[in-house]
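This note's numbering puts the first residue of the sequence shown at 17, with every later residue one more than the last.
Single-structure report; data block below.
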Amino acid sequence: MTVPSSSSLPDFLSEPSFTTIKQAFPVITTISLAIVALISFVVFTQRSKYPIANAPAWLELTTLRRMKYMKDGHTVLDNALKQYGEKPFKLLTNSGMVTVFPPEYANMIRNERQLVFAKAFAHDFAAKMPGLEPFNFLDLPDRVIQTVSKKQLTKSLKWKEIIITDSILQLIARLSGKVFLGDELCRNESWLEVSKNYTVLAVGFSKTSSFLPGPLKRVWSWFVDDSKLIRKYFKEARDILAPILENRKQAKAEAERKGKSAPVYNDMLEWLEQEGQTDVSNLVACQMLLSVAAIHTTSELLNQTMLHLASDPRHIEDLRKEIIEVLTADGLSKAALSNLKLMDSAIKETQRLTPVSYLSMRRIAAEKVTLADGTVINKGDYTVVNGKTMADPQIWLEPEKYDIYRYYRLRQDPVTANKAHLVSTSPNHMGFGHGDQACPGRFFAANEIKIAICHLLLKYDWELAPGANVAPVHAFAETMTIDPNNKVRFRRRREELDLESLFSK
């Protein structure tokens with residue numbers, strides 16, 4: 017099996033229009049000129065009541081403008097906010113035309129059920145493309161993914177040098193597999209490779225194809241090698257999971273036939289079945305969606321947190337002291353993880369500096385919606401909320417600085433304490449979104465990252481390799497990130513606590 021390196025993910029993010037786009041450029045050019053040229057400047061500028069910050073020029077292909085946003089979206093967004101920041105405006109992004117609302121709209125939109133995150137998610141991840149069908153399953157009528165996430169998830173001494181991105185991706189794939197699928201599959205190398213590589217390729221392909229109008233994406237998908245690999249890995253995932261599901265079905269039937277209690281499986285496949293998902297294809301698709309959500313976003317946040325911590329040994333020493341104190345008292349328990357307040361602050365600060373996107377609360381209107389101030393959002397409109405408040409110097413002291421104590425200090429003040437937790441959301445920090453459609457798996461992700469950091473800091477010393485730089489760089493569209501090709505140095509140390517023994521406390 018040909019396995020792409022996980023380091024290819026940064027290539028998708030930092031160079032979204034190179035290799036993959038070149039493969040299909042003749043097809044894109046021919047069909048785009050035939051179809052998209054019909055969309056003119058007049059259509060895009062006269063049908064909206066809000067100004068378009070980056071409207072296409074006269075007869076300019078909107079596809080080209082969307083490609084430009086992929087490359088320079090951060091600058092385009094900053095310029096638009098300078099001009100229209102206090103009022104709603106339109107922005108032609110790689111995903112199409114979106115309405116950008118200022119932060120004060122966040123609380124008006126937060127619980128509006130007809131503005132649906134799942135529809136925007138499916139749109140952004142090209143869920144209609146072959147092999148990417150799992151991205152449709154967030155929009156199931158019974159919200160099974162959200163329900164399950166909320167109910168169930170919650171030896172060398174020498175220095176070695178690595179690109180930490182690859183190692184973190186492998187670590188999170190194994191940790192998530194342990195919770196989702198139990199011991200059997202979290203140690204199954206075939207499953208780990210399939211889930212990891214599907215994640216890398218699916219996220220990358222959805223980004224590189226995002227500038228294309230819907231009808232062209234399906235055509236493009238048949239000409240691009242990454243799309244073929246996505247379909248291949250999706251089939252391999254089914255080939256691995258289907259026999260396990262069939263064996264469980266037979267074991268339950270056999271127990272019932274003998275009048276015995278059915279075996280209980282405490283993992284994601286069982287939880288999905290308990291919520292009514294019994295079709296094998298649906299179970300596999302749901303599992304792949306959950307794997308992508310857990311592996312991609314969690315590994316990115318852990319990776320960037322570790323890079324920040326490695327940049328200053330004082331960060332690591334302060335966190336080790338907290339880990340030892342809290343875990344000695346409470347063991348490696350849920351209560352202990354909640355009491356790792358400085359670690360919680362360090363992770364939230366990473367998310368503030370380099371969020372998944374500065375355009376948060378992504379929604380597509382399922383019906384016409386009128387907000388509390390009379391603002392009308394038409395059915396089908398794609399809306400976002402400006403999340404640049406996370407970098408606003410009027411809100412944060414030295415917002416460009418990584419301060420692991422920033423949210424720790426806020427937790428000492430009763431007025432701000434509730435908004436300073438990693439899993440808390442507010443208009444000033446929408447790293448996990450905001451409202452009743454905020455990320456349902458954020459509590460699980462927070463605990464997963466904290467467990468990983470406990471192991472990484474107690475068992476190893478860390479420092480940045482020469483030449484590494486943790487300053488945020490432009491990644492894709494409006495997204496900033498830390499260069500994932502940064503190298504770190506690590507060496508084994510004698511840990512003060514036996515973490516494995518603490519699980520039983």
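All C-beta atoms, glycine included, are put in the ideal place defined by N, C-alpha and C.
Opening and closing residue of the alpha helix (DSSP H) in which residue i lies
i	result
L317	314-326
E200	180-202
N263	241-273
L107	L107 -> not in any alpha helix (DSSP H); beta strand (DSSP E) instead, spanning 105-109.
Y423	422-426
Y100	78-100
Y560	With the chain covering only 17 through 521, there is no way to say anything about residue 560.
N355	350-355
T344	329-346
8 angstroms Cβ cutoff met for residue i and residue j
i	j	result
Y423	K364	yes
R368	G447	yes
M83	S243	no
G449	M377	yes
H490	H90	yes
W236	I332	no
L353	N463	yes
L191	A461	no
A267	P259	no
Y100	V92	no
T321	T366	yes
R81	P72	yes
A309	G457	yes
P488	T370	yes
Whole-Å CB distance - residue i paired with residue j, under 8 angstroms assumed
i	j	result
L474	L515	7 angstroms
N110	A493	5 angstroms
E128	V385	6 angstroms
A326	L480	5 angstroms
N501	I179	6 angstroms
W175	R427	About 35 angstroms separates the two Cβ atoms, so there is no contact after all.
V132	A382	5 angstroms
R264	Y281	6 angstroms
M304	F239	That pair is no contact at about 23 angstroms.
V8	V400	Any answer about residue 8 is impossible in this case: the structure gives the chain only from 17 up to 521.
A136	R379	6 angstroms
A351	I420	Going by Cβ atoms, the distance from A351 to I420 rounds to 22 angstroms, so no, they are not a contact pair.
Rounded separation between residue i and residue j - CA only
i	j	result
L513	V342	11 angstroms
I184	H139	28 angstroms
N444	P119	8 angstroms
R12	G147	Residue numbering for the chain in the displayed model covers 17 to 521; residue 12 lies beyond these limits and cannot be assessed.
W412	L438	16 angstroms
R425	A122	25 angstroms
T441	E270	47 angstroms
A142	D452	24 angstroms
L208	I246	15 angstroms
F151	D499	27 angstroms
F221	K87	16 angstroms
V504	I311	21 angstroms
Q410	L107	24 angstroms
L375	S277	50 angstroms
N485	Q293	46 angstroms
V10	L257	Because the chain in this structure spans residues 17 to 521, residue 10 falls outside the shown range and cannot be described.
K274	L299	27 angstroms
V52	K223	Note that V52 has pLDDT 48, beneath the 50 cutoff, so the model's placement of it is unreliable and no number is given.
L387	M124	7 angstroms
G112	Y476	45 angstroms
M406	P104	18 angstroms
K435	D429	10 angstroms
E511	E149	44 angstroms
A433	L356	14 angstroms
K395	V219	27 angstroms
M284	T78	42 angstroms
D182	K65	46 angstroms
L288	E200	18 angstroms
R509	V431	40 angstroms
E262	W74	58 angstroms
E416	E291	44 angstroms
I161	L306	Annotation note: pLDDT 49 at I161 (below 50); position unreliable, no value reported.
N-terminal and C-terminal residue of the beta strand (DSSP E) that residue i is part of
i	result
T497	495-498
G112	112-117
I380	375-381
A484	Note, A484: premise wrong, no beta strand (DSSP E); not H, not E.
R508	503-508
Exercise. Specify whether the segment 328-342 and the segment 207-214 touch according to this definition: at least 3 beta carbon pairs, one from each stretch, less than 8 angstroms apart.
Key: They do not touch, by the three-pair rule.
Quiz item: Any contact of the segment 303-323 with the segment 220-231, i.e. 3+ C-beta pairs under 8 angstroms?
Solution: When C-beta atoms of the segment 303-323 are compared with those of the segment 220-231, fewer than three pairs fall below 8 angstroms, so the two segments do not count as touching.
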